[in-house]
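Each remark here refers to the structure printed beneath this line.
In the UniProt record's numbering, the protein residues as written are 1 to 714.
This is the structure:
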């Protein structure tokens, strides 16, 4: 092991770098969740055909299979699939082309999306009818298998993120492929490999698809076009594999016959570099020896030399994340640089800026802290929402950071520290207005607030947003207490660990929570939507509260000296820096998203199938842009670089900010510190500053501290 020590402002940190140790190999804990969390079934029942013997992926790409009629879309990218149980029975599939996109009115358009529900093809069987049973098996973080059963016959369709083909494995069934469109042409082509048949299928939407059929020795498969909507086999078969791919490209020939069934993540850290891999489990064999995987633009930009050598010229568009690139490989390996300067202190990526705590700045901070540090955090955080209470706790924690590390005010530190402990202990004892409980249906810690309350926490919405604030608060309080010789950390650690496990469990060795419930290591960010039907798939509204969780987990990992946890958080932040500046935050030079929407500067709500420049709580520009800003913490500048922030301000906000007269004003103005800390400092240090302009999760104390801490001139 190699260790290094670096100093960040007033706090000394020690980062331990591991060599060749998988940072995902060990769970945070494998203990049963704390007994304070009552164990009972939540509001959402597990549907038939789904086994909950293991924790279920409530926020995964395939969790539309868990809700309502189970027939909303699932996006593996570049394909989408869905359960078809009307007219055609089986798995429907569709590939959206860029020409299919529908843009809203306006310049720039408010939204764009791709059509859904189009049955370009349906993997089916002659035996299937309205009695055919649907189930989902072999579920993991990156994969699940849709299974269709009729008597003793089964059709298995493994669904894995990035899969190069849509695959159907037939056992004791007569294969049949349907389309709601019309088949304009169907021809058999030269075989790419012994035991594999190849066909070209043309549809009346002017698309061409390639169909491969892997036929085991001793079996016979004759596929014929039986009518304009059906391709059909002449007899029942077993272990025949059908694979469909969009277009006609020689790359497909090299991978046909091999298909992905699962995927797992691993990562190692050396110095400040992390290499992470998405390793695919496969079945079958191909002429090229590997399967075909499509990577997103943030993968392509960070692949290692080895994976880069497997890159092909094959490219297909995704729905909302630009073009995808085909790789002939069974492993995508990427490398990211970890930011070893990020800690508890204010941090900026503005060149040549450093902390500037002048006497004048300290006086302004002290004046703000005089009243704010004496606020009633115990009462203020006693609200009916894990989200709102978390924001308030984190606000006061950053005030505590300031009075202890910047102002070095011992008396105020001790007073606020005691109040912070008392406030957090309400949650540690689970005595808040809506206690959390352990949902035995899907396996997670959820709010007891009924549906429609607490932003859907009880249905697994936004857990990383909510719990991230609590974890960050606990990390700062634990650190200050520890620095003063206390041991409060020991009493709060099991509670924080359970919150982290719920959101970001790294290992299947933890049998009580799914692996990485929120963060999607394929898409490069988290999904906020839990167990709610969504015609456009999973979504996330607040990119900033996404990386706020990762930052909170990093801080906690630092305090408890868990280097693997800290590295996982660092990796998530590094991936989000790349992915969010492609898919959520639009600098003028963004080439990933359609040029029409770049002037929006942010996605608004990013769905798997739609980008909508709005929010769930209103359409004001300060809401739409601001929800991607809050909270401003040391991690913010890593994701929201100065170039982007200035462009967004000049193009979308400078003419709006002066008209905002509520808490959003403080969010917009502290965001300015990410490119111009002096202007932001002047706003918050103004003698006539109106406290009504503060968001409920932001203090003037922290705003001034952050501005000075990143080099504002006072």
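All C-beta atoms, glycine included, are put in the ideal place defined by N, C-alpha and C. A quick note: this is a predicted structure, and the numbers were derived from the prediction, not measured.
Check: Length at least 3, wholly inside the stretch 302–346: the beta strand (DSSP E) runs in chain order; Outcome: 311–317, 323–328, 331–337
Check: Close beta carbons around residue 549, own chain, < 6 Å, minus the five adjacent residues each side; Outcome: 464, 468
Check: Beta-carbon spacing of residue 670, residue 660 below 8 Å; Outcome: no
Check: Identity of the residues DSSP links to residue 158 by a beta bridge; Outcome: 145
Check: CB of residue 36 within 8 Å of CB of residue 430, strictly; Outcome: yes
Check: Strand pairing of residue 175, partner residues [DSSP]; Outcome: 125
Check: Where residue 541 falls, given that 16 or more other Cβ within 10 Å makes a residue buried; Outcome: buried
Check: DSSP state of residue 527 mapped onto helix, strand, coil; Outcome: coil
Check: Pick from 311, 384, 320 that is closest to residue 333, judged by C-alpha positions; Outcome: 311
Check: Buried/exposed call for residue 729, threshold 16 Cβ in 10 Å; Outcome: Nothing can be reported for residue 729: it is not among the residues displayed for the chain, which extend from 1 to 714.
Check: Per-residue DSSP class, three states only, for residue 232; Outcome: strand
Check: Separation of residue 553 from residue 447, as counted between CA atoms; Outcome: 20 Å
Check: Per-residue DSSP class, three states only, for residue 680; Outcome: helix
Check: Collapsed DSSP secondary structure at residue 54 in the structure displayed; Outcome: coil
Check: Under the three-state DSSP convention, the category residue 708 falls into; Outcome: helix
Check: Residue burial classification, residue 402 (beta-carbon count within 10 angstroms, cutoff 16); Outcome: buried
Check: Where residue 120 falls, given that 16 or more other Cβ within 10 Å makes a residue buried; Outcome: buried
Check: Distance between beta carbons of residue 400 and residue 476, contact taken as under 8 Å; Outcome: 6 Å
Check: Close beta carbons around residue 282, own chain, < 6 Å, minus the five adjacent residues each side; Outcome: 258, 260, 291, 330
Check: Nearest-angstrom Cα separation, counted from residue 607 out to residue 66; Outcome: 18 Å
Check: Selection from 218, 690, 247, 176 that minimises the alpha carbon distance to residue 232; Outcome: 176
Check: Stretch-stretch touch, CB-based, cutoff 8 Å, three pairs: the stretch 70–90 with the stretch 164–181; Outcome: yes
Check: Distance, residue 324 Cα to residue 643 Cα; Outcome: 26 Å
Check: Close beta carbons around residue 538, own chain, < 6 Å, minus the five adjacent residues each side; Outcome: 527, 529, 608
Check: Local conformation of residue 719 per DSSP, three classes; Outcome: Beyond the ends of the chain as shown, which are 1 and 714, falls residue 719; an answer cannot be given.
Check: Whole alpha helix (DSSP H) elements within the stretch 210–269, 4-residue minimum; Outcome: 250–255
Check: Per DSSP, cross-strand counterpart(s) of residue 113; Outcome: 102, 610
Check: Proximity below 8 Å, CB of residue 556 to CB of residue 480; Outcome: no
Check: Backbone CA spacing between residue 309 and residue 638 [nearest angstrom]; Outcome: 30 Å
Check: Cβ-based neighbour list, residue 466, same chain, cut-off 7 Å, excluding 5 preceding and 5 following; Outcome: 386, 387, 390, 457
Check: Inter-residue Cα distance where the pair is residue 623 and residue 129; Outcome: 48 Å
Check: First and last residue of the uninterrupted beta strand (DSSP E) at residue 189; Outcome: 183–189
Check: Run of the alpha helix (DSSP H) containing residue 65, from where it starts to where it stops; Outcome: Unbroken run through residue 65: none, as it is neither H nor E.
Check: Limits of the beta strand (DSSP E) - the one that residue 557 falls within; Outcome: Premise fails: residue 557 lies in the alpha helix (DSSP H), 543–559, not in any beta strand (DSSP E).
Check: Whether residue 111 touches residue 610 by CB criterion (8 Å); Outcome: yes
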